[in-house]
Amino acid sequence: MSAKALSVVILCLGLAACAANETERSAPPVLDPHDIQVIAAGKATCFRTTEEQNRIGARATNRIRDRIGFAPVEPNAILAKAAARHACDMANRGRMTHVGSKTSGPAARVKKLGYKPRLTAENIAAGPFDLHRVLHEWNHSPGHLENILLPSIRDYGIGQAIGADGKTRFWAAVYAAPQ
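Using this note's numbering, you'd call the opening residue of the sequence shown number 95 and step up by one each time.
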């Protein structure tokens with residue numbers, strides 16, 4: 095990958111942090127300020143998050159949270175499913191965004207799967223990143239750390255998909271606090 099292309103991918107990663115939302119909006123947002131077309135839309139390769147991947151993500155998140163005395167997050171299968179579905183949706187569209195093609199944001203996605211959130215937040219990324227790299231990038235990005243360091247979050251899930259180009263990985267991590 096050229097230095098210019100890598101710079102664009104890293105810029106996309108940096109712009110992808112999203113603020114938490116405590117309540118569901120009555121209508122989907124018109125514009126996601128973090129929306130970036132990364133690659134052409136097309137058939138993505140989508141994955142189910144394994145328990146091990148979810149544990150690795152939770153451990154990486156907890157290393158950061160522990161440094162300032164915050165309670166740990168627990169890997170949550172429902173949040174992982176929501177994250178994996180959103181990563182797949184983004185990869186199919188080639189678009190990094192917090193707005194789903196059928197949902198307004200992470201709160202709507204987890205509610206649809208039966209999770210009752212008091213608070214939800216989401217980090218997204220797209221690029222040539224494996225699990226460890228994307229976790230490292232989020233853990234060193236001020237915008238992404240805002241979500242990781244929300245004091246009240248207790249549950250965590252991560253998901254990934256590969257875009258139609260066969261090399262761009264789309265990632266979503268969902269952080270939540272139950273009601």
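From the three backbone atoms N, C-alpha and C, an ideal C-beta is built for every residue, glycine too.
This structure is a prediction, so every number in the text was calculated from the model and none was measured.
- Does the separation of the CB atoms of Leu213 and Ser246 fall below 7 angstroms? Taking the sequence shown and counting its residues from 1, one reaches residue 213 at position 119. Taking the sequence shown and counting its residues from 1, one reaches residue 246 at position 152. Yes; because the gap between Cβ atoms is below 7 angstroms, this pair is in contact.
- Three-state secondary structure (DSSP) at Ala279? There is simply no residue 279 to check, as the chain begins at 95 and stops at 273 in what is shown.
- Item | Where the beta strand (DSSP E) through Pro200 begins and ends | Taking the sequence shown and counting its residues from 1, the one referred to as residue 200 is at position 106. Per DSSP, Pro200 belongs to no beta strand (DSSP E); it is in the alpha helix (DSSP H), 200–206.
- Message: Pop quiz: Ile252 and Ala267 are said to be a contact at Cβ under 8 angstroms. What is the actual Cβ separation, rounded to whole angstroms?
- Response: Indexing the sequence shown from 1 puts residue 252 at position 158. Indexing the sequence shown from 1 puts residue 267 at position 173. Right, the Cβ-Cβ distance comes to about 5 angstroms (below 8 angstroms), so this counts as a contact.
- Query: Can you list, in chain order, the residues of its chain whose CB lies under 6 angstroms from that of Val102, leaving out five sequence neighbours each side?
  - Reply: On the sequence shown, residue 102 is found 8 positions in, with the first residue counted as 1. Only weak support is given to the placement of Val102: the predicted model assigns it a pLDDT of 38, under 50, and the value that follows is read from those uncertain coordinates. So no residue of the chain qualifies.
- Residues near Phe275 by beta carbon distance below 7 angstroms, same chain, minus five either side: For the chain, the structure presents residues 95 to 273; residue 275 sits outside this window and is missing.
- Below 8 angstroms, can you find three or more Cβ-Cβ pairs linking the stretch 158–167 to the stretch 198–208? no
- Taking just the CA atoms, how far does Gly163 sit from Arg263? Reading the sequence shown from its first residue, position 169 is the one you call residue 263. Reading the sequence shown from its first residue, position 69 is the one you call residue 163. Cα-Cα distance, rounded: 32 angstroms.
- Message: Going by C-alpha to C-alpha distance, which of Glu240, Lys261, Ile133, Ala215 sits closest to Leu173?
- Response: One-based indexing of the sequence shown puts residue 173 at position 79. Comparing Cα-Cα distances from Leu173 to each of Glu240, Lys261, Ile133, Ala215, the minimum goes to Ala215.
- Using a Cβ-Cβ cut-off of 6 angstroms (strictly less than) and excluding sequence neighbours within five positions of Gln273, which residues of its own chain qualify? Counting from 1 along the sequence shown, the entry for residue 273 is found at position 179. Excluding sequence neighbours, Gln273 sits near Lys210, Arg212.
- Query: Does the beta-carbon of Asp259 have 16 or more other beta-carbons within 10 angstroms, so that it is buried, or is it exposed?
  - Reply: If you number the sequence shown from 1, residue 259 lands on position 165. By the 10 Å Cβ count, Asp259 comes out exposed.
- Asp183 to Pro222, Cα distance in whole Å? Residue numbering aside, residue 183 sits at position 89 when the sequence shown is read from its first letter. Residue numbering aside, residue 222 sits at position 128 when the sequence shown is read from its first letter. Roughly 18 angstroms between the two C-alpha positions.
- Return the first residue and the last residue of the beta strand (DSSP E) that Pro272 is part of. Working through the sequence shown from its first residue, we reach residue 272 at position 178. Taken as a continuous stretch (DSSP letters only), the beta strand (DSSP E) holding Pro272 covers 263–272.
- Item | Same chain, Cβ closer than 6 angstroms to Ile133, neighbours up to 5 away in sequence not counted | Your numbering for residue 133 matches position 39 in the sequence shown. Hits under 6 angstroms: Gly188, Gly257, Asp259, Thr262.
- Item | Proximity of Ala154 and Leu229 at Cβ, strictly below 7 angstroms | The residue labelled residue 154 in the question sits at position 60 within the sequence shown. The residue labelled residue 229 in the question sits at position 135 within the sequence shown. Cβ distance < 7 angstroms, so Ala154 and Leu229 count as in contact.
- Query: What are the boundary residues of the alpha helix (DSSP H) that includes Ile172?
  - Reply: Taking the first residue of the sequence shown as 1, we reach residue 172 at position 78. Residues 171–187.
- Message: Please state the DSSP three-state secondary structure of Asp160.
- Response: Along the sequence shown, one-based indexing puts residue 160 at 66. Looking at Asp160 - three-state DSSP - the assignment turns out to be helix.
- Whole angstroms is fine: what's the gap from Ala86's alpha carbon to Lys175's? Nothing about residue 86 can be reported from this structure: the residues present for the chain run from 95 to 273 only.
- Under 7 angstroms Cβ to Cβ from Asp126, same chain only, skipping five residues before and after it: list those, please. Taking the sequence shown and counting its residues from 1, the one referred to as residue 126 is at position 32. Hits under 7 angstroms: Thr191, His192, Val193.
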